[in-house]
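Worksheet for the structure shown next.
Structure (C-alpha cells):
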C-alpha cells in the first residue's frame, strides 16, 4: 500500500532518505549484535574518521563527517562514556580539543574491520541496481556544492516572479 509520503514524490525526498537511513542503521545494529560487537551505527562516522586520521580536532571531525558541531559533540560524549575516544587540549591552542581513539577504540576497530567488509558486501548487493543509489548520492552532493537547494529555490522563485 502506498502512503501519502510515497505518493508525494520528490517533495518527500528528505523524509524518504531519513526512513532509508533508519532502516540501514537498524539492520546495521543487528549485524553488529549478531557478531558480538557492542557498537551503535550512529558512532560509525566518528570512529571511522579517527581510525583513518588518528587525531582530529572537534571542528575537523564535524567537517569530516558533515555534521553540526553540537551533533558531533553529542556523539563524542557518548564515545567518551564508552571509553572509545579520548580528548586532550591542543598544545598550541588550548581552546581546541584534539580527539583520538583509545586503545579500546583501536581494538574495536580491528574487530570491526571484517564486519565492515561484510556490511560493504551486503550494501553493495542491496544497492546494485540500474539506478545505483551511491552514484546518485555522489552526483547530488556534487551539484549541492555547486549550488544549494535554497539557492536553487530562490532562483526559481525569482524567475517565476519575472515571468
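In the UniProt record's numbering, the protein residues as written are 1 to 163. Ideal placement from N, C-alpha and C gives every residue a C-beta, glycine not left out. This one's a predicted model, so the numbers in the text were calculated from it and none came from an experiment.
Taking the Cα positions, residue 54 is about 13 Å away from residue 84. Residue 115 is positioned such that its CB atom lies no closer than 8 Å to that of residue 48. In the pairwise beta carbon analysis, the segment 111-131 is classified as not touching the segment 70-90: fewer than three pairs are separated by under 8 Å. By the Cβ neighbour-count rule, residue 122 is exposed, with fewer than 16 other Cβ atoms within 10 Å of its own. By the Cβ-count criterion, residue 62 is buried, with 16 or more other Cβ atoms from all chains shown falling within 10 Å of its own Cβ. A direct Cα-to-Cα measurement between residue 127 and residue 103 gives close to 34 Å.
Using a Cβ distance threshold of 8 Å, residue 41 and residue 29 count as a contacting pair.
When the Cα atoms are used, residue 43 and residue 16 turn out to be separated by approximately 22 Å. Residue 99 is classed as buried because its beta carbon has at least 16 other beta carbons within 10 Å across all chains shown.
C-alpha of residue 147 to C-alpha of residue 11: approximately 18 Å in a straight line.
Your pair residue 156 and residue 31 does not check out as a contact, with CB atoms roughly 42 Å apart and the cut at 8 Å.
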